[in-house]
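Asks: Each residue of the sequence shown is one higher than the one before, counting from 4 in my numbering.
Glycine is no exception: its CB is placed at the ideal position from the N, C-alpha and C atoms.
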Amino acid sequence: MPLYEYVCSKCGFRFELLRPISQSSDEASCPRCQNSAERVLSTFTPLSKGGNGVTTSLVGNPCSGCSTTSCDSCSL
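Here's what the structure looks like:
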């Protein structure tokens, strides 16, 4: 079952819903304020944990606003 990502049109809260493909275009409500939410393109970053226990991105810098190469301290 696919996991869809949404963003609330009022408060900007991002959330995910696990839904069958048959419900992919159904409306979604924000779990925080119950307003309508828009489905957004989901992205992912493949990560690897090295022998030293540090998690790093396998594709370079995973966040456009982030200058670190380690995701251990990421606040996202």
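1. Using a Cβ distance threshold of 8 Å, determine whether the segment 35 to 55 contacts the segment 5 to 15, with at least three qualifying pairs required.
2. Looking at the structure shown, is S39 part of a helix, part of a strand, or coil, going by DSSP?
3. Among S25, F16, L50, which residue has its Cα nearest to the Cα of M4?
4. What residue range does the beta strand (DSSP E) around L44 cover?
5. Could you spell out where the beta strand (DSSP E) holding S51 opens and where it closes?
Replies: Taking the structure as given:
1. yes
2. strand
3. S25
4. Note, L44: premise wrong, no beta strand (DSSP E); not H, not E.
5. 50 to 52
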